[in-house]
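Visitor: The structure that follows is given in the form of structure tokens.
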DNA sequence: CTGAAAGCGCTTACAG
DNA sequence: CTGAAAGCGCTTACAG
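Protein chains in written order, with the numbering used here: chain H, 100 to 474; chain U, 100 to 474.
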């Protein structure tokens, strides 16, 4: 019995001298078991190195101690950090994590979620490719938490940052430092998050009485490979931008090399999303700290509460995670239209001021509300 | 039947007018089914939107279409990229990915692998915390592929880079540029990969007739938070290093800010592992391109072959993935003991030469053998 | 080429 | 507090 094969519950029950059902009760921490009986069963379990079979439990019980996570791409630094904090919390709670990348393909996203449902995941955390991507799917009572982007699905919960407000803040920051011609680089505005960031940008410009030049609005950069072309074109304009905003980390990772390549490191720049080395570049990069660890942690926490039925189902407002701007240098550069001043402006790394991440200007949650200032 | 509930195989069989077993045969692509019968079953399946139950299949068949992946931490940029390529390949092959971080805790690592085995994963890919971490585990015939670090487990396969040779290359590169006092920063040498890199460093130093100063060898940096202290101490030495090597990406992400902070950006530096922005820093960072995407892809490919029985089991030499040095600036700086020359040395970002990743000096696989030059 | 039976290892009602 | 029966949805031998 204990020789080569894995022990099953029947073996445990046999050794403990109880019925299989009683052994099952101990396994499931059912309180209606006599202390002595429980002790005998537990002893048998450890003696046989018994491990329950997840497939059998899941088949019979109709639920599995696993959670499915769907993201754009796990290779993205922002996403990796997000998933890391989700995994830490869920693992601590005893859940196994199933991970899949949708590559922002809605059919793939839906197929993945369907599979997670089929696998009886206790819940799913989804970075949706669009806010209605899962709306019409029949998933029973599967708890769904959307992360980083809002999802509309009934009975779901979204955990986001205030994209509108943060984009407004980033734009305002550049305006405060004297910029008037501010370019923005993003992926498609069909992504709700991206659209909100554009709206925040527009609001700040309008509030400052600045015209929005369509030539400076580039929402045609699906990923970093498109950035160099866009940046080059921007600086080829008769009246080029003196500052740029990038609306996600991937694009930021394209903007920095592009500015270096075209010799425009004196351009004002605020990046959405912090990234490794941002503080060590020349100039150091001012970012909106989008805190993936915090967003992921809150999403995991929220899902666990849903799974445990501790959260009222029904309509729920998005949870808005606080975030803020970390000034590091690039966002505080004054306007400078003349590229000839490059060498003198971009100082050596050694003299650059270093801003630890923790010193970021934190916005309080109170300062940003769910739909803050959007209407 | 098709109203609210999910269809099961019995429903499909009923609608098609065949036995449940025949429906099962169609599902499993058993060729011994008459074409007409198969067509009827397939039609019923799509009509009912039938989806097989993974738990039931797994329970009865004894295997699941999933693969477990265990890594140090999914939040690490190197790891994220590695996992991303693994996931892409496995998803294309129809496998679901279970992902867990061991945080280099051997007990956690073993518990995770045990759970994957219990879940009947078709195979596991493991970044082992030590080469013998899984040696004594009874995992039946579970295919195991180790990635990035060698594992000793019988019947397993390791996919690695030639750490010894690459570290020798990095050190030699600095020596070629005139450095004699070369510091090395790493995590613990109990990690086999780390130890091999130290050995490669020593070999290059010895081959060049240079003394190895124990004060310049810092294997006490578990992660990036320890780097600033170590770097500060190194430069406080009476005879400080003129160049540094960091043995992994996490540490590199600490070294760059540290060098900037202490005003030593003129220090020669070669980083193990490429990272975002390496090319845009001042100076741009010379790296050993450790290609996580390629390593992950080969690991996934190898595992799939094992799963499909296309690979002879038994003793197998590690697969050594080619990698090379990408010169970008920091590794080509001449020795410079005097910090006062900093400002003139570290040029502006605008004049920095930019080396696209693809232009890296690729070493051919032939040039690096499994245990290349180690004996 | 097709089917009736048994069972994978558990948990769910239902009794006592 | 404990147990005997049934069954979750499939696939595995075993027949025909």
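Even for Gly, the Cβ is constructed at its ideal location relative to N, Cα and C.
Keep in mind it's a predicted model, so treat the numbers as computed, not measured.
What does a CB cutoff of less than 6 Å around residue 476 of chain H pick up in its chain, not counting 5 residues either side in sequence?
Guide: Any question about residue 476 of chain H goes unanswered here, given that chain H covers just 100 to 474.
Visitor: So which residues of chain U does residue 186 of chain H contact, with C-beta pairs closer than 8 Å?
Guide: Stepping through the first chain from its first residue, residue 186 of chain H is reached at position 87. 173, 198, 199 and 200, listed in chain order.
Visitor: Skipping 5 residues on each side, what residues in its chain have a beta carbon closer than 8 Å to that of residue 116 of chain H?
Guide: Start at 1 with the first residue of the first chain, and residue 116 of chain H comes out as number 17. So the list reads 139, once near-sequence residues are dropped.
Visitor: Under 7 Å between beta-carbons, which chain U residues line up against residue 153 of chain H? List them in chain order, please.
Guide: Indexing the first chain from 1 puts residue 153 of chain H at position 54. Neighbours of residue 153 of chain H on chain U, chain order: 217 and 218.
Visitor: Out of H:244, H:213 and H:358, which one is the CA nearest neighbour of residue 284 of chain H?
Guide: Start at 1 with the first residue of the first chain, and residue 284 of chain H comes out as number 185. Residue 284 of chain H has its Cα closest to that of H:358, out of H:244, H:213 and H:358.
Visitor: With 16 other CB atoms within 10 Å as the buried threshold, where does residue 195 of chain U fall?
Guide: Here residue 195 of chain U refers to the residue found at position 96 of the second chain. Answer is buried; the Cβ neighbour count reaches 16.
Visitor: Between H:345, H:366 and H:158, which lies nearest to residue 294 of chain H when the distance is taken from Cα to Cα?
Guide: Mapped onto the first chain, residue 294 of chain H falls at position 195. Of the candidates H:345, H:366 and H:158, the one whose C-alpha sits nearest the C-alpha of residue 294 of chain H is H:345.
Visitor: Using a cut-off of 7 Å between C-beta atoms, extract the partners of residue 146 of chain U located in chain H.
Guide: Mapped onto the second chain, residue 146 of chain U falls at position 47. Neighbours of residue 146 of chain U on chain H: none; closest Cβ ~16 Å, over 7 Å.
Visitor: Quick one: measure Cβ to Cβ for residue 266 of chain H and residue 300 of chain H, integer angstroms, because I've assumed they're closer than 8 Å.
Guide: Within the first chain, residue 266 of chain H is the residue found at index 167, counting from 1. Within the first chain, residue 300 of chain H is the residue found at index 201, counting from 1. Confirmed, Cβ separation roughly 5 Å.
Visitor: Which parts of the region 300-367 of chain H are runs of the beta strand (DSSP E), unbroken and 3 residues or longer, counting only runs that do not cross its ends?
Guide: If we require 3 residues or more, the beta strand (DSSP E) runs fully inside the region 300-367 of chain H come out as 342-345.
Visitor: Roughly how many angstroms separate the alpha carbons of residue 118 of chain U and residue 150 of chain U, rounded to a whole number?
Guide: Position 19 of the second chain, counted from the first residue, corresponds to residue 118 of chain U. Position 51 of the second chain, counted from the first residue, corresponds to residue 150 of chain U. Each residue's Cα considered, the two are about 17 Å apart.
Visitor: CA-CA distance, residue 127 of chain U and residue 141 of chain U?
Guide: Along the second chain, one-based indexing puts residue 127 of chain U at 28. Along the second chain, one-based indexing puts residue 141 of chain U at 42. Taking the straight line from one Cα to the other gives about 12 Å.
Visitor: Please classify residue 255 of chain H: does DSSP put it in a helix, a strand, or coil?
Guide: Counting from one through the first chain, the residue named residue 255 of chain H turns up at place 156. If DSSP states are grouped into helix, strand and coil, residue 255 of chain H belongs with coil.
Visitor: Using the three-state DSSP reduction, which class does residue 193 of chain U fall into: helix, strand or coil?
Guide: Sequence index remark: in the second chain, residue 193 of chain U carries index 94 (1-based). Of the three classes helix, strand and coil, the one that applies to residue 193 of chain U here is coil, per DSSP.
Visitor: Where in the region 362-425 of chain H do unbroken runs of the alpha helix (DSSP H), each at least 4 residues long, occur, reported from the N-terminal end onward?
Guide: Here the runs fully enclosed are 391-406.
Visitor: What does residue 170 of chain U pair with, by DSSP beta-bridge criteria?
Guide: Locating residue 170 of chain U in the second chain gives position 71, counting from the first residue. In DSSP, residue 170 of chain U forms a bridge with U:200.
Visitor: Note down, in chain order, all residues in the region 318-347 of chain U with a beta-carbon under 7 Å from any beta-carbon belonging to chain H.
Guide: Cβ contacts with chain H: none found.
Visitor: Which chain H residues sit within Cβ distance under 7 Å of residue 226 of chain U?
Guide: Within the second chain, the letter at position 127 stands for residue 226 of chain U. Ordered by position in chain H, no residue passes the 7 Å Cβ test against residue 226 of chain U, which lies about 14 Å from the chain.
Visitor: Can you tell me which of the three DSSP states residue 116 of chain H falls into?
Guide: The count along the first chain starts at 1 and reaches residue 116 of chain H at position 17. Residue 116 of chain H: coil per DSSP, three-state reduction.
Visitor: Scan the region 361-386 of chain U for residues whose Cβ lies nearer than 7 Å to a Cβ of chain H and list them as they occur along the chain.
Guide: Cβ contacts with chain H come from 362, 364, 374, 375, 376, 378, 379, 380 and 381.
Visitor: Residue 182 of chain U touches chain H at which residues, Cβ-Cβ below 7 Å?
Guide: Residue mapping note: residue 182 of chain U aligns to position 83 of the second chain, counting from 1. Within chain H, the residues near residue 182 of chain U are 173.
Visitor: DSSP three-state call for residue 221 of chain U: helix, strand or coil?
Guide: As a first step, residue 221 of chain U is located in the second chain; it is residue number 122 there, counting from the start. It is a strand residue.
Visitor: Helix or strand or just coil, what does DSSP make of residue 246 of chain H?
Guide: As a position in the first chain, residue 246 of chain H is number 147, starting the count at 1. Three-state result, residue 246 of chain H: strand.
Visitor: Given this structure, state the Cα-to-Cα distance separating residue 381 of chain H from residue 361 of chain H, to the nearest angstrom.
Guide: Residue 381 of chain H sits at position 282 when you count from the first residue of the first chain. Residue 361 of chain H sits at position 262 when you count from the first residue of the first chain. Cα to Cα, residue 381 of chain H sits roughly 14 Å from residue 361 of chain H.
Visitor: With DSSP run on the structure shown, which of helix, strand or coil describes residue 165 of chain H?
Guide: Within the first chain, numbered from 1, the residue matching residue 165 of chain H stands at position 66. DSSP places residue 165 of chain H in strand when its eight states are reduced to three.
Visitor: Give me, in chain order, the residues of the same chain whose beta-carbon lies closer than 7 Å to that of residue 404 of chain U; leave out the 5 immediate sequence neighbours on both sides.
Guide: Counting from 1 along the second chain, the entry for residue 404 of chain U is found at position 305. The answer, listed in chain order, is 410.
Visitor: Which residue marks the beginning of the alpha helix (DSSP H) containing residue 274 of chain U, and which one marks its end?
Guide: Here residue 274 of chain U refers to the residue found at position 175 of the second chain. Per DSSP, residue 274 of chain U belongs to the alpha helix (DSSP H) from 262-275.
Visitor: Which residue wins for smallest C-alpha separation from residue 314 of chain U, given the options U:419, U:332, U:303 and U:307?
Guide: Taking the first residue of the second chain as 1, we reach residue 314 of chain U at position 215. When each option's Cα is compared against that of residue 314 of chain U, the closest is U:332.
Visitor: Quick check: the region 393-408 of chain H against the region 384-391 of chain U, are there 3 or more CB pairs under 8 Å?
Guide: The region 393-408 of chain H vs the region 384-391 of chain U: no contact.
Visitor: Report the residue from U:324, U:232, U:429 and U:144 whose alpha carbon sits nearest the alpha carbon of residue 201 of chain U.
Guide: On the second chain, position 102 is the one that residue 201 of chain U refers to. When only C-alpha atoms are compared, the closest one is U:232.
Visitor: Which residues in the same chain as residue 204 of chain U place their Cβ atom closer than 8 Å to its Cβ, once the five residues preceding and following it in sequence are excluded?
Guide: Stepping through the second chain from its first residue, residue 204 of chain U is reached at position 105. Excluding residues within five positions, the ones whose Cβ falls inside 8 Å are 228.
Visitor: Using a Cβ-Cβ cutoff of less than 6 Å, which residues in the same chain neighbour residue 162 of chain U once the five nearest sequence positions on both sides are dropped?
Guide: The residue you call residue 162 of chain U lines up with position 63 of the second chain. Contacts found: 219 and 221.
Visitor: Tell whether a beta-carbon distance below 8 Å holds between residue 322 of chain H and residue 297 of chain H.
Guide: Here residue 322 of chain H refers to the residue found at position 223 of the first chain. Here residue 297 of chain H refers to the residue found at position 198 of the first chain. Cβ atoms of residue 322 of chain H and residue 297 of chain H: not closer than 8 Å.
Visitor: Buried or exposed: residue 308 of chain H, going by 16 or more other Cβ atoms within 10 Å of its Cβ?
Guide: Along the first chain, read from residue 1 onward, the residue named residue 308 of chain H stands at position 209. Exposed, since its Cβ has fewer than 16 Cβ neighbours within 10 Å.
Visitor: Is it true that the CB of residue 197 of chain U sits closer than 8 Å to the CB of residue 177 of chain U?
Guide: Here residue 177 of chain U refers to the residue found at position 78 of the second chain. Here residue 197 of chain U refers to the residue found at position 98 of the second chain. Contact flag unset, no.
Visitor: Can you find the residues in the same chain that come closer than 8 Å, C-beta to C-beta, to residue 211 of chain U, ignoring five residues on each side of it along the sequence?
Guide: Working through the second chain from its first residue, we reach residue 211 of chain U at position 112. Hits under 8 Å: 167, 169, 199 and 201.
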